[in-house]
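Asker: Starting off with a structure, shown below.
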Amino acid sequence: MFTFAVGSALSIASILLAVIVLAALLIWVERRMLSFWQERLGPNRVGWFGIMQVVADMIKIFTKEDWVPPFADRLTFVLAPAIIMIVVLMSFAVIPFTPEVGVIDSNVGVLFVLAMASLGAYSVMLGGLSSNNKYALLGSLRAAAQMVSYEVFMGISLLGVVVLAGSFNLREIVETQADGWYIVPQFIGFLIFLIAGVAESHRLPFDIPEAEQEICAGYHTEYSGMKFGMFFVGEYLGLVLISSLITVLFFGGWLGPAFLPPIVWFSLKAGFFIMFFILMRAALPRPRYDQLMSYGWLFLLPLSLLNLLVTGAVVLVSTTATM
Amino acid sequence: MFRLIKDTLLSQAVTLWGVFRKLFVKADTVQYPDEQPYMFPRWRGRIILSRDPDGEERCVACNLCAVACPVDCIALQKAETEDGRWYPEFFRINFSRCIMCGFCEEACPTNAIQLTPDFEMAEYVRQDMVWEKEDLLIDGVGKYHDYNFYRVAGKQVAGKDKGEALNEAEPVDVRSLLP
Amino acid sequence: MTEKAKVEITIDGVTYEVNAGSNLLQECLTLGMDLPYFCWHPCMGSVGACRQCAVKQYRDAEDSAGLMTMACMTPVQPGARISIEDAEAKAFRAGVIESLMISHPHDCPVCEEGGECHLQDMTLMSGHNYRRYDKKKVTHRNQYLGPFINHEMNRCITCYRCVRFYNEYAGGEDLSAQASHHFTYFGRHRDGTLESEFSGNLVEVCPTGVFTDKVFSENYTRKWDLQTAPSICTGCGVGCNITPGERYGELRRVVNRYHSELNGYFICDRGRFGTGYVNDAARLATPLDGAGNELDAEAAGRQLREIAGNAIGIGSPRAGNEANFALRKLVGEENFHAGYSDAEHACMQLAAELAGDPRFYNPSIREIEQADAVLVLGEDVTNTAPRIALALRQSVHNKALELADGANIPRWQDAAVRELAQQERSPLCIFACGATRLDDVASDRVIDTPSGLVRNAIELAGRLDASAPRTAKSHEALERVAGQLLAARRPLIVAGTSSGNIDLIKAAANIAGALQKRRAVHENHGGTAAPVDLCLLTAEVNSMGLHLHLMTRQENSLGEALRKLSSGETANVIVLENDLYRRAPHAQVDAALDAARKTAVLDLLPNRTTAKADLVLPVTAFSEQQTSYVNYEGRAQLAYQVHRNHGAACPAWQWTGDFEHFRQALLDCAGSVAAFAKLGEVLPDTSNLPSGIKVPRQSERYSGRTAMKANLNVHEPKQAQDPESALAFSMEGIPPRRDATILASSWAPQWNSNQSISKFQDEINGPLRQGHGGTLLLEKKSEGGEFKPVPANGDGGGLELLPAFQIFGSEELSSRSEAIRARMTDAYLAVSPADAERHGLQQGRGVRLSGGGIEAIALTCIRTQMSPGAAALHVGDAEIDYHGLGSQVELAPADAPEGRGLGELIVSDLVRMREER
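Chains as they are written, first to last, in my numbering: chain A, 19 to 341; chain B, 200 to 378; chain C, 12 to 928.
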């Protein structure tokens with residue numbers, strides 16, 4: 019029923035490495051870009067334009083005291099950051115970077131991504147819960163509510179694309195876009211997916227579970243050292259993942275004029291969205307928690323359902339017309 | 200509906216565009232230790248105690264700076280000279296607590312305590328951030344050149360008898376009933 | 012107290028119920044409104060001098076124009092309609108303050124009043140902030156007013172409160188309003204020490220900084236920086252309520268704390284300036300053994316308990332109840348002895364017996380002020396219980412109030428009442444051996460030797476009631492005084508234990524008893540009448556408390572203790588806060604302490620007794636401990652700890668090791684000593700404090716917390732904890748607002764000065780809201796006593812020696828304070844000119860006293876009004892063996908001892924030396 023075509027070990031290893039290095043590099047990119055947008059200079063002392071800042075940060079984070087608060091639930095506390103790393107990396111497995119590069123070619127790729135995103139909620143929830151700290155608890159409550167809510171619209175918003183492509187296979191979805199990117203017919207779906215994606219990866223402006231001004235650092239208040247680092251890198255991985263998914267689902271993935279190889283096209287498109295997310299962080303204020311929830315349930319949910327309905331109707335009409 | 204789109208999408212897009220444009224603006228900050236920033240004269244940095252134009256300590260130990268201080272990092276003790284001039288016996292600022300808010304300067308009725316544009320006050324030992332009067336007192340008038348509290352207020356001190364302050368008449372002869 | 016009549020008035024459209032017969036200002040303040048004022052003082056009534064309390068008064072609801080009136084001068088009329096908020100009234104008040112401030116020197120930063128200044132408060136409240144007047148300010152020269160008070164006349168706003176207090180209220184003669192119009196000057200006729208014993212109150216009475224506390228100024232701290240707690244003055248047996256303030260580990264000053272029944276708004280200068288000893292460098296800080304080596308606290312406590320095994324405990328009238336109780340518990344009830352002289356011991360027994368007699372009533376100060384005929388028997392009240400003297404001075408004003416009532420003048424119309432009465436005063440008769448400081452208001456004086464006074468007093472009792480014993484002694488005033496006492500609505504007899512003359516107390520009891528018997532017949536109450544006021548003054552802060560500990564063991568006198576020690580009956584002795592050489596003949600004390608195997612002394616300053624001790628334990632001073640004291644009325648009051656202990660000093664109840672907490676000591680005392688059954692009531696009701704939340708000792712504006720000790724270590728120490736009381740050594744907690752259960756400091760929004768007290772009173776001059784005024788411990792017996800037989804000793808022919816007291820110098824601890832020492836004299840012997848001539852004595856030269864086999868040298872002080880045959884010896888801080896001299900002394904001229912001389916002696920009848928003239 020489900021098909022999984024697994025790629026070579028070399029390609030798995032190189033994708034894993036590339037994704038993780040990219041995520042780490044993003045720390046520097048984000049800090050640098052944020053500072054430009056805020057009329058500052060940003061980290062520019064370590065290495066060429068400060069690019070070695072990533073290494074400095076990593077040395078720092080690896081050599082920090084590995085502290086588990088005595089009041090925390092030890093097992094869950096240690097487990098939680100690992101979950102997010104694992105599930106996000108797993109999600110990358112189904113992303114088709116180019117026709118050649120990819121780990122798994124699955125006929126349920128979209129569902130797999132959604133399933134992994136649901137598991138990600140456990141990470142922040144357990145992290146906050148096991149910290150046994152009131153801010154962490156509040157953060158994890160917020161995270162749980164936010165992620166569960168936005169998962170719904172995220173899933174529904176994708177279905178328009180799935181209906182158009184007639185497949186859950188991400189590779190096939192890309193290939194069906196050879197005639198035109200789904201951004202055009204599925205613009206509303208794109209917007210909802212974009213918003214839900216930001217909420218799912220709880221990036222600014224939807225970083226409500228870790229709102230510093232209100233609840234310290236939310237679910238990762240008690241985390242330090244590499245355990246915090248895993249949450250941190252997990253967040254950047256999520257950023258890359260969402261950007262990649264948008265590229266795949268709405269912007270034709272690796273497709274592009276032939277003067278550039280497919281991987282470059284893919285990287286350019288994904289990079290654009292990564293930059294866009296960083297710009298959002300620089301520019302947009304955080305909504306209130308209740309605004310986030312009511313916006314999701316009262317506006318996005320009806321809108322995404324409507325989008326699916328209309329897409330379905332159009333597809334139904336057009337297919338019956340051609341038959 | 201239009202309003203909702205305007206609020207949720209359009210205004211966000213305008214903001215994003217506004218911030219994006221900053222990419223092409225020169226940075227406000229400088230490469231600090233290599234390049235010194237310009238410090239405005241009213242910058243709120245290291246605190247000093249100044250002297251009046253006659254070279255006397257301006258601080259009269261009124262305690263208003265201490266009470267205005269939100270982190271309570273100023274402690275002093277009033278003492279008095281033979282001629283009635285008040286001065287601080289000790290005046291201590293714990294700079295490891297100071298938040299450079301400048302309330303002390305606002306509160307000072309004699310312009311004695313002033314904040315200066317010097318911000319390079321880091322120390323390796325926290326104890327070294329406790330400054331006493333000897334460390335704080337400078338030999339000049341600071342930002343305010345002419346003010347001398349005792350020339351204005353009515354209290355008698357050496358070199359200024361009763362009736363010699365600003366706008367004061369000669370002391371009254373209580374034994375006279377003349378109008 | 013009868014329920015006061017109430018009337019309804021309307022203020023700014025809201026109707027309130029207020030006391031009839033009062034004035035608008037007082038009632039507005041009672042209602043908690045912010046109406047500015049200067050010249051009005053809650054205790055001194057209205058004179059309408061400053062015009063600051065102007066309000067609009069309307070005829071009726073239709074009247075919208077209204078009329079400007081001075082609230083302090085306008086009686087409350089039923090249905091009156093007034094407005095405080097009216098724009099015109101506000102503008103008027105702003106104009107008044109602006110003109111009052113025309114010549115103010117704007118030197119608040121260098122003014123000791125700044126931060127607790129009524130003028131600052133009122134200026135802000137009235138809305139004035141900028142001097143528009145561009146002409147010159149009037150200036151004045153200051154005066155030297157002695158070691159207590161600073162003068163800065165430029166700050167004056169001519170409210171006249173100072174002279175009204177100093178002259179009219181406290182009877183001072185050397186402060187007056189001088190010059191005229193806008194040159195008005197308040198000062199002395201020339202530089203010199205203010206003579207009144209209550210001059211310190213000028214600091215609190217003056218609404219601005221004309222009169223400031225000189226002693227405080229030397230170690231000045233703003234009000235908001237003082238750590239304060241409610242405390243009790245330990246200067247005498249009255250138990251005035253005070254608020255001491257501490258900063259940087261030093262006791263900085265003492266101010267009055269309002270108590271509606273006791274001190275009201277005023278305390279005496281001994282209480283205000285006599286606490287410097289707390290900061291004395293000589294304070295005992297660590298436990299010492301006999302050789303002067305320091306011991307650690309644990310070893311010292313162990314040694315104390317070892318000594319206690321076979322020891323006599325000598326209590327202390329200047330230590331609190333818990334300290335005395337702890338010692339009593341440590342050595343056992345049967346081994347606990349009195350810590351005052353044997354003569355005083357006998358007097359205290361009698362005083363307590365009389366306090367339990369239903370024929371008599373022991374009046375509070377507020378009640379003393381209501382007496383309309385007073386007889387003072389042999390007690391130099393001004394010097395032994397100064398605050399009572401101030402109250403007696405008010406009692407003579409009752410005649411004026413009575414006249415005012417008759418003329419329909421409200422009592423608060425102070426100037427009018429005084430104008431009406433002129434020199435009319437209620438009778439005050441003083442029996443004394445010489446002139447006293449109350450003579451200026453006395454209607455009659457009987458001056459005689461101590462034994463002569465007793466005989467006169469017996470005779471007076473006999474004239475009041477035929478069944479009382481009589482003597483042949485007669486004084487022309489007696490008949491008149493008898494008539495005045497009988498005619499009085501509320502007569503008062505005052506005597507005291509200070510002089511150790513028990514016969515005078517007996518005579519006082521006979522007079523009061525005779526009076527009560529006659530009044531019973533007059534009033535026809537079936538033989539029982541209301542009790543007569545008999546005020547018996549005790550010498551020290553806890554004399555009465557110590558006596559209550561000894562109630563069941565009346566034979567345990569100090570003399571008995573010394574005898575047991577000298578005879579070897581008991582091996583060891585533990586002395587609590589006492590210099591025995593002040594209490595008994597030196598030879599006896601020496602013999603006892605030499606015979607004692609081990610002597611342990613608990614005290615706060617080194618003295619002659621600690622010098623002989625084998626173990627010295629430092630104890631806390633009054634401001635460093637929580638304890639209860641019992642005053643002359645038998646009123647137990649709780650004093651809270653103000654600041655941290657000095658060195659290793661502990662309260663005595665901690666040294667004995669029987670109690671972990673103060674509360675245990677107090678409740679155990681209440682539970683096991685019958686006389687203290689009600690002591691538990693002094694503990695504050697903290698039920699309105701959420702658990703764990705405390706009352707802060709520091710104000711919300713307390714400054715410098717992160718810098719005060721930063722010179723020692725930049726890492727701030729943990730805030731000191733106080734497990735013993737509801738107060739905290741910090742700013743955190745719930746400060747008293749309108750609830751005065753524990754009034755650490757009086758402050759209200761917009762009212763930084765001491766005038767904020769009105770925000771805590773039920774009504775002006777009424778009790779503090781939920782405040783605890785103390786608990787009266789003494790129970791009345793059902794049966795009244797009989798007349799006391801008084802031995803009417805004849806003149807012995809020689810000179811009768813009696814103690815002379817000085818407000819500055821007679822009390823042991825205050826006389827070790829620097830400020831008080833500046834006002835002290837050397838030891839002197841007061842004699843009449845006749846006696847001086849007979850013995851060849853000259854003013855200011857020395858005199859050699861001999862009696863009881865010992866000799867002493869003092870200064871000669873010739874006083875014109877001294878009774879021939881009487882010689883009053885003031886010991887002060889000289890090491891004179893007063894108790895050893897006996898009651899009859901021989902005099903001889905001697906060289907004057909080097910020292911302070913008599914310069915600071917304030918008496919009216921001193922024969923002036925030539926060079927002093």
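A virtual CB, placed ideally from N, CA and C, is assigned to each residue, including glycine. Treat the numbers as computed from the prediction; the structure is a model and nothing was measured.
Can you give me the C-alpha to C-alpha distance between D307 of chain C and F294 of chain B, rounded to a whole angstrom?
Answerer: Their backbone Cα atoms lie some 38 Å apart in a straight line.
Asker: Go through its chain and collect everything with a Cβ distance to E927 of chain C's Cβ below 6 Å, but skip five positions before and after it.
Answerer: Confidence is the limiting factor: at E927 of chain C the pLDDT is only 43, short of 50, which leaves the residue's position unreliable, though a coordinate-based value still follows. Once the five neighbours on either side are set aside, E927 of chain C has no close Cβ partner at all.
Asker: Keeping to the same chain, check which residues put their C-beta closer than 7 Å to that of E369 of chain B; ignore five residues upstream and five downstream.
Answerer: Answer for E369 of chain B: G362, listed in chain order.
Asker: If the cut is a Cβ gap below 8 Å, which residues of chain B does M112 of chain C touch?
Answerer: The contacting residues do not exist; M112 of chain C stays about 12 Å from chain B at best.
Asker: Using a beta-carbon distance below 7 Å, is Q326 of chain B in contact with chain C?
Answerer: Q326 of chain B counts as touching chain C.
Asker: From the DSSP output, which residues share a beta bridge with Q614 of chain C?
Answerer: Here residue 614 of chain C is Asp; the residue named in the question, Gln, does not match the sequence. D614 of chain C is bridged to C:P629.
Asker: Give me the residue from C:I768, C:A731, C:R780 with the minimum Cα distance to A751 of chain C.
Answerer: Among C:I768, C:A731, C:R780, the Cα nearest to that of A751 of chain C is on C:R780.
Asker: Determine, using beta-carbon pairs with one atom in the segment 138-150 of chain C and one in the segment 382-398 of chain C, whether at least three such pairs fall under 8 Å.
Answerer: Because the criterion of three Cβ pairs below 8 Å is not met, the segment 138-150 of chain C and the segment 382-398 of chain C do not touch.
Asker: Against chain A, does Q211 of chain B count as a neighbour if the rule is that its beta carbon must be under 7 Å from one of theirs?
Answerer: It does; some Cβ of chain A falls within 7 Å.
Asker: Could you tell me whether the segment 218-230 of chain C touches the segment 616-633 of chain C, using the rule of 3 or more Cβ pairs below 8 Å?
Answerer: They do not touch, by the three-pair rule.
Asker: Apply the 10 Å Cβ neighbour rule to Y241 of chain A and answer buried if 16 or more other Cβ atoms are within range, or exposed otherwise.
Answerer: Buried, by the Cβ-count rule.
Asker: Buried or exposed: which applies to I298 of chain B, given that a residue is buried once 16 or more other Cβ atoms fall within 10 Å of its Cβ?
Answerer: Classification of I298 of chain B: exposed, given that the 10 Å Cβ count is below 16.
Asker: Whose C-alpha, out of C:T875, C:A76, C:N30, C:D45, is nearest the C-alpha of R104 of chain C?
Answerer: For the residues C:T875, C:A76, C:N30, C:D45, the minimum Cα distance to R104 of chain C belongs to C:D45.
Asker: Is the shortest distance between the beta-carbon of F296 of chain B and the beta-carbons of chain C less than 7 Å?
Answerer: The question names Phe, but residue 296 of chain B in the sequence shown is Arg. It does; some Cβ of chain C falls within 7 Å.
Asker: Given that a residue counts as buried once 16 or more other Cβ atoms are within 10 Å of its Cβ, and exposed if not, what is D605 of chain C?
Answerer: Exposed is the call here.
Asker: Mind checking whether G511 of chain C and V641 of chain C have CB atoms under 7 Å apart?
Answerer: No, the pair does not count as a contact, with Cβ atoms beyond the cut-off.
Asker: So with Cβ pairs under 7 Å, would you call A718 of chain C a contact of chain B?
Answerer: Chain B contact via Cβ: present.
Asker: Leaving out five residues on either side along the sequence, give the residues of the same chain with a beta carbon under 8 Å from the beta carbon of A415 of chain C.
Answerer: Cβ within range, chain order: P421, R422, Q424, A427, V428, L431, A432.
Asker: Which parts of the segment 20-70 of chain C are runs of the beta strand (DSSP E), unbroken and 3 residues or longer, counting only runs that do not cross its ends?
Answerer: For the segment 20-70 of chain C, whole beta strand (DSSP E) runs of length 3 or above, ordered along the chain, are 25-30, 65-69.
Asker: Roughly how many angstroms separate the alpha carbons of L386 of chain C and V58 of chain C, rounded to a whole number?
Answerer: Cα-Cα distance, rounded: 31 Å.
Asker: Ends of the alpha helix (DSSP H) at H726 of chain C?
Answerer: From DSSP, H726 of chain C is part of no alpha helix (DSSP H); its letter is neither H nor E.
Asker: By a C-beta neighbour count over all protein chains shown, 10 Å radius and 16 as the cutoff for buried, is W758 of chain C buried or exposed?
Answerer: Result: buried.
Asker: Could you name each continuous beta strand (DSSP E) segment of 3 residues or more that falls completely within the segment 515-549 of chain C, going from the start of the chain to the end?
Answerer: Whole beta strand (DSSP E) segments, 3+ residues: 543-548.
Asker: Report buried or exposed for S825 of chain C, applying the criterion of at least 16 other Cβ atoms within 10 angstroms of its Cβ.
Answerer: Burial call: buried.
Asker: Taking 7 Å as the threshold (C-beta atoms), are A506 of chain C and L547 of chain C in contact?
Answerer: Yes, Cβ-Cβ distance for L547 of chain C and A506 of chain C is below 7 Å.
Asker: Would you decide whether G60 of chain A is buried or exposed? Buried here means 16 or more other CB atoms lie within 10 Å of its CB.
Answerer: Buried.
Asker: Using a cut-off of 8 Å between C-beta atoms, extract the partners of F54 of chain A located in chain B.
Answerer: Result: K221, L222, A226.
Asker: Which residues mark the beginning and the end of the alpha helix (DSSP H) in which K340 of chain C is found?
Answerer: K340 of chain C -> alpha helix (DSSP H) spans 332-342.
Asker: Short check: CB of M112 of chain C to CB of Q761 of chain C, under 7 Å?
Answerer: No, the Cβ-Cβ distance between M112 of chain C and Q761 of chain C is not below 7 Å.
Asker: Under a Cβ-count criterion, where at least 16 other Cβ atoms within 10 Å of its own Cβ denotes burial, should R925 of chain C be classed as buried or exposed?
Answerer: With a pLDDT of only 46 at R925 of chain C, under 50, the local geometry of the prediction cannot be trusted, and no value is derived from it.
Asker: Beta carbon of L59 of chain A: closer than 6 Å to some heavy atom of the ligand FAD?
Answerer: The ligand FAD is absent from the structure shown, which contains no ligand whatsoever.
Asker: Within 10 angstroms of its Cβ, does S207 of chain C collect 16 or more other Cβ (buried), or is it exposed?
Answerer: With 16 or more other Cβ atoms within 10 Å, it is buried.
Asker: Do you know offhand how far A364 of chain B's Cα is from T245 of chain C's?
Answerer: For A364 of chain B and T245 of chain C, the distance between alpha carbons rounds to 44 Å.
Asker: Applying the 10 Å Cβ sphere with the 16-neighbour rule, what's the burial state of Y651 of chain C?
Answerer: It is buried - the Cβ of Y651 of chain C has at least 16 other Cβ atoms within 10 Å.
Asker: Which residues in the same chain as G243 of chain A place their Cβ atom closer than 7 Å to its Cβ, once the five residues preceding and following it in sequence are excluded?
Answerer: Cβ neighbours of G243 of chain A beyond the five flanking positions: I79, K82, E83, D84, W85.
Asker: Where E304 of chain B and R50 of chain A are concerned, what is the direct C-alpha to C-alpha distance, given to the nearest angstrom?
Answerer: Taking the straight line from one Cα to the other gives about 38 Å.
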